[in-house]
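Asker: Note that the numbering used here gives residue 831 to position 516 of the sequence shown, counting from 1, and the numbers run on in steps of one. For each residue, glycine too, the CB sits at the ideal point set by N, CA and C.
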Amino acid sequence: MKRIIFVLVAVVSLTSYSQTAQYSASMIQSHGKEWSAEKAWDYVSGLVAKTILTFCDQYPDEALSQQAYQWCKTYADNAINGSGNFYNFKKGSLDNIASGKVLLDLYAFESAVNPSNAERYRQAADYLYNYLRYEYTRISLKEGNGGFIHKDSYPDQMWLDGLYMGAAFYAEYLAHFAPDDSEGWSDIALQFTTIHKHTYNGDKSLNYHGWSANPSDMNSFWANKNDPYKGCSKEFWGRGMGWYAAALVDVLGFMPKDHPDYGALAEIFTQVAEGISRWQDQKSGVWYQLLQYDDSFVSAKGNRNYLEASASSMFTYALLKGIRLGLLDSATYSPVALKAYEGLIAEFITENSHGIDIHNICRSAGLGPYYNTERNGTADYYLDGSDVNIVSNEGKGIGSFIMASLEYEKYSEPSEPSEPSEPSEPSDPSGPSDPSEPSEPSEPSEPSDPSDPSDPSDPSGPTDPSEPSEPSEPSDPSDPSGPSDPSGPTDPSEPSEPTEPTEPSDPSEPSDPSEPSEPDNTSIDTTKADVTTSPMLFDIFGHRLSSTPKGLFIEIRDGKATKKFRR
């Protein structure tokens, strides 16, 4: 009942933002500063900062965008000096490359307004790119040759997570500065084709979390020693697949379509999407921590498999963006993606005094190394491990939920009233530009065509907080001094000034739906229906219903919208 009440309240409370920028804005306002400006260089805080910058690009006129942009700028400025040199960059981990995406966005934004300041972000991004492409350790064995290892402490290992950390940054860098570098794009494609070849289980339509090219190595004690799936870990972990799916769709959004390897990556993404759809929980619309089981699976310690927020958000993001980019068939995948987003809200989001919270996030998971035999990749580990506890409001859940929300908001954004007179326009299946590319803003004129898509103990460090400390990793400080002022900007107590509805005096009531120019608090697109017809039913996302549903819905009768609930 608590969640039901929240949905009713949230429909009203989120309207201080524009009609579409609701859940993304509220999550950023609630937790964005804490997980960007107030954190050190790390892939988790980098994920949140990257999604905030995507929000700024998608909603440039929101007052929140100006505030939140400064949080991201502070995050980067705390890591690099005025010349673009890192204060204390730790080599030997793909995780420490991932935040480079933030530098690319800042460079693009600052180039337009303050070119002299932009150059240092370019310098820092150049450093990460050159280190990754030309210096970072790769597998040198016959199997997997050329693949980036996950970390120095995991020799000859590739994990699904690493594709989002390394290859996705590599692709975004090329898209900005060397889009015609065919050799570079082939290098990126190699990372995906290598790990997919070894980890994809066609019978399950899923990928194993990790693969070792040298399963006899003591750090690969978790790996299968024999065929089939030699070198693979034993289970299909939700967020591992989520990172992989997000990396694929992001890279395909940047990669030239005429590149010889584009088709191979698009086919891999199709296979991954098929698996995501196949293992969606039909009741909730979201996904389990262990993908091939439901909640009837119980671990050795009695912990039940559970619906997990970060993986579910990443899958939702990947599907919606895949639809928007024309990589996935809309008729097939839109129902899956929309049900998933509705499930995110229903299963994981609750209200708090300053916005919203997100729950049921797996804090972390990994494989080895040799001295941590608990991390053995079994089903019991992913439910019982000391580092895989369930938390709330952790960055991997926050960032991935913002990602999913931004894609959903783009998908569901209502068309301009004048657009229906030109139905032949959205014929390009490639969709609008990638929202992660800040220099090319999204095209709001065609969103109606769906074919176009807690408490961690120490999350602030530069490496994954769940990983054992690795003091032996070499540092490469370009400047021994730290930033003079590591604190972020003051967090304003109020978001952008809300637009007051003109009709109702009671804020709990929606505005009059008979006036299409003033969207009501339920976000129903009244331009798509004759609201004077009685009665009409909509879900809370503005989708018209053919029959009275269970749960919360909105009834429009004689031009008046009423929120109702049926058990």
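#1: Bridge partners for Asp474 per DSSP, in chain order?
#2: Whose C-beta lies closer than 6 Å to the C-beta of Phe663 among residues of the same chain, with five residues either side of it excluded?
#3: So within the region 630-696, which uninterrupted beta strand (DSSP E) runs reach at least 3 residues, ignoring any that extend past its ends?
#4: When the distance is taken between beta carbons, is Tyr446 closer than 9 Å to Ile412?
#5: Just how far apart, CA to CA, sit Met480 and Ala383?
#6: What number of angstroms, rounded off, separates the C-alpha of Glu728 from the C-alpha of Arg690?
#7: Using DSSP with H/G/I as helix, E/B as strand and the rest coil, what is Tyr446?
#8: Identify the continuous alpha helix (DSSP H) that holds Glu353 and give its terminal residues.
#9: Under the rule that 16 or more other beta-carbon atoms within 10 Å means buried, what is Met718, buried or exposed?
#10: For His346, report the span of its alpha helix (DSSP H) as first-last.
#11: Taking the Cβ atom as the reference point for each residue, do Ser497 and His524 lie within a distance shorter than 9 Å?
#12: Just to confirm, are Tyr390 and Lys354 a CB contact at a threshold of 9 Å?
#13: What's the call for Thr366, buried or exposed, on a 16-neighbour Cβ count within 10 Å?
#14: Quick check on the burial criterion: 16 or more other C-beta atoms within 10 angstroms. Buried or exposed for Thr688?
#15: What residues in its chain sit with their C-beta under 7 Å from that of Gly803, if we drop five residues either side in the sequence?
#16: Alpha carbon to alpha carbon, how far is Met533 from Ser341?
#17: By the 10 Å Cβ neighbour count, where 16 or more other Cβ atoms means buried, how is Leu419 classified, buried or exposed?
#18: Please classify Ile713: does DSSP put it in a helix, a strand, or coil?
#19: Ignore the nearest five residues each way along the sequence and tell me which others in Ala483's own chain have a CB closer than 8 Å to its CB.
#20: Beta-carbon within less than 6 Å of Leu456's beta-carbon, same chain only, minus the 5 sequence neighbours each way: which residues are those?
#21: Under 8 Å by Cβ, that's how I've got Glu434 and Gly397 pegged, so tell me the actual separation to the nearest angstrom.
#22: Quick test of the definition: if touching needs 3 or more C-beta pairs under 8 Å, does the region 607-621 touch the region 707-718?
#23: In angstroms with no decimal places, state the Cα-to-Cα distance between Asn541 and Pro650.
Answerer: If we stick to the structure as given:
#1: Inspection of the sequence shows that residue 474 is occupied by Trp rather than by Asp. DSSP output for Trp474 lists Gly525 as bridge partner(s).
#2: Ala624, Ile673, His674, Asn675
#3: 664-667, 670-673
#4: yes
#5: 23 Å
#6: 43 Å
#7: helix
#8: From DSSP, Glu353 is part of no alpha helix (DSSP H); its letter is neither H nor E.
#9: buried
#10: 338-346
#11: no
#12: yes
#13: buried
#14: exposed
#15: Unreliable positioning characterises Gly803 in this predicted model, as indicated by a pLDDT of 39, which lies under 50. The coordinate reading is nonetheless provided below. Closer than 7 Å at the Cβ level, and outside the excluded window around Gly803, lie Lys348, Ala352, Glu353, Trp386, Thr389.
#16: 46 Å
#17: buried
#18: helix
#19: Ala413, Lys416, Ala561, Ala562, Asp565, Val566
#20: Ala528
#21: That pair is no contact at about 10 Å.
#22: no
#23: 40 Å
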